[in-house]
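Worksheet: one structure, shown below.
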Amino acid sequence: MTQSSNSIFKKSFIVLFAILLFFLLLYVIYKLKSLIPVFLLTLILSYVVSIIATYFEKKGVKKNLSKIISVVIVIFIIVIFFSVIVPPIVNETSKLVNNFALITSEFTSYLTKINEKIQEIGGENKTLVVGIENITKYIEENLPDIMKQVSQKILSFFTSLFKLFLSFIVSLILSIFFIFDREKIISGVMSQFPKNIRENIVSYSKTLNFYLKRYIFVQSIMSASIGITIWLIASLLKIPYAGTLGFIGAVAEVVPYVGAIFTFFLGVALSLTVSPLTVLWFSIFYIAQQQLTSEFVYPLLWAKAVLKISPFSVLITMLIIGAVFGIWGILFTVPILIILKITFDYLKEEKILWKIRKV
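In my numbering, the protein residues as written are 460 to 818.
Quick look at the structure:
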């Protein structure tokens with residue numbers, strides 16, 4: 460076999476192996492999907508605790524003491540989140556869901572008024588009038604169902620927060636065990652791999668750790684800033700349920716492209732309960748905010764911190780993960796893509812797979 464043929468065979472083998480591994484992993488995860496929230500939360504909490512612990516260790520704090528301090532900090536943040544932030548948001552959300560019928564009624568009345576004004580302007584232009592009437596009728600007939608589905612999704616999301624709280628408790632306990640036995644666990648896992656590829660695995664882990672830490676840092680800043688600004692502007696404009704809208708905006712920011720669109724339409728629907736002018740001001744603010752973040756903030760923070768991944772890859776991955784794991788899976792689209800891209804890049808280097816093959 461020639462050197463060229465051998466190279467093509469190696470590359471084909473690597474690509475096929477990566478694809479097979481991905482679908483095998485997806486199948487295993489699907490079968491165990493009821494345990495996914497606990498597993499993911501355990502990983503996240505362990506990861507966050509380890510980042511904080513590493514920071515304190517670099518400051519000269521002893522290893523075990525730094526771990527204890529890190530666990531206490533994480534527990535404190537969780538308690539604050541579920542005792543101070545979540546209750547008022549859940550309360551606002553329940554009111555929002557209960558008042559969706561009123562919001563729908565007010566929205567359709569605005570559409571009717573707009574239709575009447577346009578008919579006055581249209582005069583005897585029957586084609587224009589009929590066209591507008593058909594559009595308005597379609598919106599009025601379908602809007603209640605759309606609003607109902609949106610309210611059910613929002614209520615379902617916040618109802619699952621209780622399950623999330625229970626998962627947090629279990630995950631926190633598991634992550635504490637993991638963080639204190641981290642060195643032993645990592646050493647045990649590494650011992651299962653051939654010696655000639657351990658350096659590659661260490662290098663891969665460091666690269667993955669670098670990008671995931673940067674992603675968490677950047678996404679936390681972006682979600683918090685966007686959620687807070689939406690809440691402040693909505694409060695100034697006297698839009699109802701400003702806290703819920705801000706929280707949903709912060710969470711939705713994790714979901715690329717789709718999250719921003721969902722937040723915008725929800726904000727517009729709530730703004731209509733105040734006045735058409737409020738809709739205009741909210742729309743101007745939100746579009747300006749999105750343009751500012753996409754043109755200046757994201758390129759400054761994101762490009763330096765996270766791997767560049769095409770929008771097409773993001774959307775396709777989101778559809779697959781969303782179909783399998785639902786809304787909680789969608790929230791982890793970007794981290795999963797980062798892991799897959801770095802893994803695939805390492806496999807492409809033809810180091811790890813072929814060293815395993817030669818053992």
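Every residue gets a Cβ at the ideal spot worked out from N, C-alpha and C, and that includes glycine.
Buried or exposed by the 16-neighbour rule on C-beta atoms within 10 Å, applied to F724: exposed
>> Closest to L667 by C-alpha separation, out of F803, I689 and V717, would be which residue?
In response: F803
Helix, strand or coil at S650 according to DSSP, with G and I counted as helix
coil
- Task: Take V868 and list the residues in its own chain whose beta-carbon comes closer than 6 angstroms to its own, dropping the five residues that flank it on each side.
- Result: Summary: the structure shown does not reach residue 868, with the chain confined to residues 460 through 818, and so no result is reported for it.
Report task. Return the first residue and the last residue of the alpha helix (DSSP H) that L731 is part of. Result -> Here L731 belongs to no alpha helix (DSSP H), and DSSP marks it neither H nor E.
Grab me the residues of F741's own chain with a C-beta within less than 8 angstroms of its C-beta, minus the 5 sequence neighbours each way, in chain order. I692, A693, L696, I698, G726, V727 and S730
- For the ligand NAP, any of its heavy atoms closer than 7 angstroms to the Cβ of T688? This structure does not include the ligand NAP; it has no bound ligands of any sort.
Inspect the beta-carbon positions of T885 and G702 and report whether they are closer than 8 angstroms.
A question about residue 885 goes unanswered here, because the residues of the chain that appear run from 460 up to 818.
State yes or no: is the C-beta of P715 within less than 8 angstroms of the C-beta of V773?
yes
Item to check | Euclidean distance between Cα positions of E516 and K522 | outcome: 6 angstroms
Have a look at I635 and A719 and give me their C-alpha separation to the nearest angstrom. 35 angstroms
**Asked** Which of helix, strand or coil does DSSP assign to D804?
**Response** helix
Residue from Q749, V508, L671 and T501 whose Cα sits closest to the Cα of I528: V508
Closest to F482 by C-alpha separation, out of V793, P794 and I780, would be which residue?
I780
*asked:* Quick check on the DSSP output: the alpha helix (DSSP H) that includes Y745 runs from which residue to which?
replied: P735 to L751
**Item:** Nearest residue (CA-CA) to G686, options I675, E712 and S662
**Value:** E712
Quiz item: Just reading off the alpha helix (DSSP H) that V710 is part of, what are its end residues?
Solution: A701 to A711
Query raised in the report: Does DSSP put K672 in a helix, in a strand, or in coil?
Result: helix
Hey, quick one: how far does the alpha helix (DSSP H) through F535 stretch, first residue to last? K522 to I539
Report yes if the C-beta distance between L504 and V533 is below 8 angstroms; otherwise report no.
yes
- prompt: With 16 other CB atoms within 10 Å as the buried threshold, where does L475 fall?
  reply: exposed
Own chain residues within Cβ distance below 8 angstroms of Q678, not counting five before or after: E712, V713 and V793
- Does the separation of the CB atoms of L704 and I689 fall below 8 angstroms? yes
Identify whether V714 lies in helix, strand or coil by the three-state DSSP scheme.
-> coil
Reduced DSSP category for F498 - H, G, I as helix; E, B as strand; rest coil
helix
Which residue from L479, I797, K518 and L524 puts its Cα closest to that of S664?
I797
| field | Rounded separation between F425 and S525 - CA only | value | Any question about residue 425 goes unanswered here, given that the chain covers just 460 to 818.
Quiz item: Which residues in the same chain have their Cβ closer than 7 angstroms to the Cβ of I510, if we skip the five residues on either side of it in sequence?
Solution: K672
In three-state DSSP terms, what is F791?
-> coil
- Query: Under 8 angstroms, do I660 and F652 count as touching if we go by C-beta distance?
  - Reply: yes
| message | I need the DSSP call for L696, collapsed to helix, strand or coil. | response | coil
Exercise for the section: Figure out for me which residue from A747, S662 and V717 has the closest Cα to the Cα of I775. Expected result: V717
Answer with buried or exposed for V738, where buried requires no fewer than 16 other C-beta atoms within 10 angstroms of its C-beta.
buried
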